[in-house]
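One structure is given here, and the rest of the page talks about it.
Protein chains in written order, with my numbering: chain A, 13 to 116; chain B, 13 to 116.
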């Protein structure tokens with residue numbers, strides 16, 4: 013059986029004072045990590061379009077795929093990731109992270 | 013350009029009194045929807061394995077893919093989905109839903 017990838021699901025709600033330009037910078041910097049950190053084998057993102065009103069204020073979802081937990085463990089303390097977090101942090105109202113090993 | 017799919021990301025936290033058997037039933041019934049509701053073109057799920065402690069208590073992530081928002085709009089009021097929600101609801105402590113159109 014093929015090993016199942018690890019999904020890293022990241023939700024953001026930005027602060028009221030964060031500008032559209034600052035949000036765009038964060039979106040681009042997150043996307044830039046895939047070329048800077050080995051082990052990211054999938055990356056996509058988007059902004060909330062659910063009509064259900066169950067988003068709890070989160071507006072952005074980033075969906076990062078690693079081959080396994082070891083690759084995720086190497087990503088978290090990677091200097092490029094830490095640099096991104098420093099850019100992100102002043103603008104973050106709320107964050108939610110859940111990782112799972114994909115099952116059918 | 014190929015149209016981008018719509019991702020439907022659903023997080024659950026179950027009530028303290030919900031048993032492992034009841035959780036398993038919910039996991040199975042959610043997975044059963046893909047054979048009952050047309051328009052689900054992808055389905056996977058898993059339980060949280062993030063070490064970051066940013067899960068806000070959510071334990072389960074379900075990741076459902078539709079070809080477009082119209083398929084999601086047909087899914088939400090579908091009788092099979094509503095039946096599932098009735099089974100789920102008594103056990104739900106928290107739910108979060110975010111949908112996004114996948115971008116690279």
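Every residue, glycine too, gets a C-beta built ideally from N, C-alpha and C.
Terminal residues of the continuous beta strand (DSSP E) containing residue i?
{"i": "residue 54 of chain B", "result": "54-59"}
{"i": "residue 105 of chain A", "result": "104-113"}
{"i": "residue 72 of chain A", "result": "72-78"}
{"i": "residue 41 of chain A", "result": "Note, residue 41 of chain A: premise wrong, no beta strand (DSSP E); alpha helix (DSSP H) at 32-48."}
{"i": "residue 66 of chain A", "result": "Careful: residue 66 of chain A lies outside any beta strand (DSSP E) and carries neither H nor E."}
{"i": "residue 25 of chain A", "result": "18-26"}
Specify, as a first and last residue, the run of the alpha helix (DSSP H) that residue i falls within.
{"i": "residue 100 of chain B", "result": "91-100"}
{"i": "residue 84 of chain B", "result": "81-87"}
In whole angstroms, give me the CA-to-CA distance for residue i and residue j.
{"i": "residue 114 of chain A", "j": "residue 54 of chain A", "result": "13 Å"}
{"i": "residue 87 of chain B", "j": "residue 45 of chain B", "result": "9 Å"}
{"i": "residue 34 of chain B", "j": "residue 112 of chain A", "result": "20 Å"}
{"i": "residue 63 of chain A", "j": "residue 32 of chain B", "result": "31 Å"}
{"i": "residue 154 of chain B", "j": "residue 93 of chain B", "result": "Coverage of chain B is limited to positions 13 through 116, which leaves residue 154 of chain B absent and any answer about it impossible."}
{"i": "residue 20 of chain B", "j": "residue 107 of chain B", "result": "13 Å"}
{"i": "residue 61 of chain B", "j": "residue 110 of chain A", "result": "7 Å"}
{"i": "residue 96 of chain A", "j": "residue 48 of chain A", "result": "11 Å"}
{"i": "residue 98 of chain A", "j": "residue 89 of chain A", "result": "12 Å"}
{"i": "residue 59 of chain A", "j": "residue 72 of chain A", "result": "5 Å"}
{"i": "residue 24 of chain B", "j": "residue 105 of chain B", "result": "8 Å"}
{"i": "residue 116 of chain A", "j": "residue 77 of chain B", "result": "13 Å"}
{"i": "residue 17 of chain A", "j": "residue 51 of chain A", "result": "11 Å"}
{"i": "residue 56 of chain A", "j": "residue 103 of chain A", "result": "21 Å"}
{"i": "residue 68 of chain A", "j": "residue 22 of chain A", "result": "14 Å"}
{"i": "residue 15 of chain A", "j": "residue 84 of chain A", "result": "15 Å"}
{"i": "residue 28 of chain B", "j": "residue 70 of chain A", "result": "25 Å"}
Chain B partners of residue i, CB-CB under 7 Å?
{"i": "residue 53 of chain A", "result": "Ordered by position in chain B, no residue passes the 7 Å Cβ test against residue 53 of chain A, which lies about 14 Å from the chain."}
For residue i, return the contacting residues in chain B, with the cut-off set at a CB-CB distance below 9 Å.
{"i": "residue 112 of chain A", "result": "56, 57, 58, 59, 60, 61, 62, 72, 73, 75"}
Closer than 7 Å by beta-carbon distance: list the chain A residues that pair up with residue i, in chain order.
{"i": "residue 115 of chain B", "result": "56, 57, 58"}
Item to complete: Using a Cβ-Cβ cut-off of less than 9 Å, give me the residues of the stretch 60-73 of chain B that come near chain A, in sequence order.
Response: 60, 61, 62, 63, 64, 65, 66, 67, 68, 70, 71, 72, 73
Worksheet entry | Residues in the stretch 75-109 of chain A having any Cβ partner in chain B nearer than 9 Å | 75, 81, 84, 85, 88, 106, 107, 108, 109
Worksheet item: Going along the chain, which residues of the stretch 15-37 of chain A sit with their C-beta nearer than 9 Å to a C-beta in chain B?
Response: 16, 18, 19, 20, 21, 22, 23
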